[in-house]
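If you want this note's numbering, it's the position in the sequence shown, counting the first as 1, plus 25. Even for Gly, the Cβ is constructed at its ideal location relative to N, Cα and C. Just below is one structure, and these are the notes that go with it.
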Amino acid sequence: MNTDNPVCAPSGLYWQGINWSRVSRRVRRLQARIAKATKEGRHCKAKALQWLLTHSYSGKALAVKRVTTNRGKYTPGVDNDVWKTSKAKANAVAS
26 MNTDNPVCAP SGLYWQGINW SRVSRRVRRL QARIAKATKE GRHCKAKALQ
76 WLLTHSYSGK ALAVKRVTTN RGKYTPGVDN DVWKTSKAKA NAVAS
């Protein structure tokens with residue numbers, strides 16, 4: 026395993042500094058690849074792409090954005106946590 030250059034979230038993670046158009050484009054592209062693989066019957070490939078989407082920085086960032094900007098944004102989840110600050114949102118993406 027090559028550990029010289031690990032791929033992870035950007036080190037200076039600031040919520041306001043996220044390029045949302047790039048994040049949306051990456052998520053949309055992965056979702057299209059999942060749909061195409063499923064349509065072609067390549068279920069192992071679709072499963073691998075789903076894992077990639079749920080563990081990617083872009084997937085997590087967009088998920089946190091959707092949860093914190095929808096109508097129920099002040100309703101805590103099962104962990105009784107509400108992410109109101111930019112720091113809390115960035116920590117959620119990093120986890």
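Contact under 8 Å by Cβ, residue i with residue j
i, j, result
"arginine 58", "leucine 74", "yes"
"leucine 87", "leucine 55", "no"
"lysine 85", "valine 118", "yes"
"serine 111", "tryptophan 40", "yes"
"lysine 109", "valine 89", "no"
Buried or exposed (CB count within 10 angstroms, at least 16 for buried), residue i
i, result
"serine 46", "exposed"
"alanine 60", "exposed"
Chain C within 8 Å of residue i, Cβ atoms only
i, result
"arginine 67", "Judged by its chain identifiers, the structure shown contains no chain C, having just a single protein chain."
(request) Ignoring anything shorter than 4 residues or poking outside the segment 72-108, list the alpha helix (DSSP H) runs there in chain order. (result) 82-94
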